[in-house]
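A.B. asks: Okay, handing you the structure first.
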Amino acid sequence: MHLSRTPVVDVAPPPVRGADTREFLATVGIEVSEGEGEVPYPKNKPLALWLASFARWGYFAWRSGNI
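Residue numbers (the numbering used here): 36 to 102.
Structure, rendered in structure tokens:
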């Protein structure tokens, strides 16, 4: 499958959960400070933890006969 003819487009960044909290609560009359209510994406795991988790699930799949 070749995707060389697929056009490249700019996409919007993923939404931040709770980004519209201030606007919504302002309509009700509640003032919220800047950044309050936003839930940021979790940070990436360190590579060693990621590899250990990958190996653990790979071992589980191998033992259960799925590989």
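A virtual CB, placed ideally from N, CA and C, is assigned to each residue, including glycine.
In whole angstroms, what separates the C-alpha of glycine 100 from that of tyrosine 76?
C.D. replies: If you take the alpha carbons of glycine 100 and tyrosine 76, they lie about 34 Å apart.
A.B. asks: Between which two residues does the alpha helix (DSSP H) containing leucine 82 stretch?
C.D. replies: 82-98 is the span of the alpha helix (DSSP H), which, as asked, contains leucine 82.
A.B. asks: Mapping the DSSP letters down to three states, classify arginine 57 as helix, strand or coil.
C.D. replies: Helix.
A.B. asks: Please report how far the alpha carbon of tryptophan 92 lies from the alpha carbon of proline 50, in whole angstroms.
C.D. replies: Going from the Cα of tryptophan 92 to the Cα of proline 50 covers about 30 Å.
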